[in-house]
Amino acid sequence: MARLAHHVFFTLKDRSEESVARLVAACQKYLGGHDGMVGFEVGTRESDYQRPVNQDYDVSLYTVFVDRAAHDAYQQAERHLQFIAETKETWAEVRVFDSNLTEMSN
1 MARLAHHVFF
11 TLKDRSEESV
21 ARLVAACQKY
31 LGGHDGMVGF
41 EVGTRESDYQ
51 RPVNQDYDVS
61 LYTVFVDRAA
71 HDAYQQAERH
81 LQFIAETKET
91 WAEVRVFDSN
101 LTEMSN
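For the sequence shown, counting from 1, position 14 maps to 14 in full-length UniProt numbering; every step adds exactly one.
Structure (structure tokens):
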């Protein structure tokens with residue numbers, strides 16, 4: 001059974017430090033600690049780290065689930081839906097990337 005990584009990149013309509021901080025706080029409040037979640041990180045794009053491969057976004061969310069079923073349950077969880085309802089109007093763009101993770105061999 002493969003773990004599933006769920007990575008979300010948010011670009012905000014208001015890209016001020018205050019708006020970015022509010023979205024980070026909302027991610028921390030609503031999106032961490034769900035059943036079946038084994039990894040949770042939220043952060044901001046480092047504006048001083050200019051590399052051609054970096055995309056334009058404000059906040060990134062990286063979560064890892066024990067399997068797809070845990071991820072799918074998270075998508076319908078009350079706290080996740082509340083996060084969307086409370087923050088959706090602040091988003092200019094959202095990009096989501098899901099992937100199956102393979103176990104590292106020694």
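We put the CB at the ideal spot given by N, CA and C, even for glycine.
Predicted, not measured: the structure shown is a model, and the values here were computed from it.
Discussion item. For Phe10, count the other beta carbons within 10 Å of its own beta carbon; 16 or more makes it buried, fewer makes it exposed. Which is it?
Written reply: buried
Discussion item. I'd like to confirm the pairing. Which residues does DSSP put opposite Gly43 in its beta bridges?
Written reply: Ser60
Item to complete: From the DSSP output, in three-state form, read off Asp48 for me.
Response: coil
Worksheet entry | Contact set for Gln28: own chain, Cβ-Cβ below 8 Å, skip 5 residues either direction | Only Val42 meet the Cβ criterion.
Fill in: Nearest-angstrom Cα separation, counted from Glu46 out to Lys88
23 Å
Worksheet item: For Arg68, which residues of its own chain have a beta-carbon under 7 Å away from its beta-carbon, when the five flanking residues on both sides are left out?
Response: Closer than 7 Å at Cβ, skipping near neighbours: Leu4.
Worksheet entry | For Asp72, three-class secondary structure by DSSP | helix
Practice prompt. Can you say whether Tyr74 is buried or exposed, counting buried as having 16 or more other CB atoms within 10 angstroms of its CB?
Written response: buried
Item to complete: Within its chain, find whatever has a CB closer than 7 Å to the CB of Glu93; leave out the 5 residues flanking it on each side and keep chain order.
Response: A distance below 7 Å between beta-carbons, with the five flanking residues on each side excluded, links Glu93 to the following residues of its chain, in chain order: Thr11.
Discussion item. Within a Cβ cutoff of 7 Å, which residues of the same chain sit near Ser19, ignoring the five residues on either side of it in sequence?
Written reply: Leu12 and Thr90
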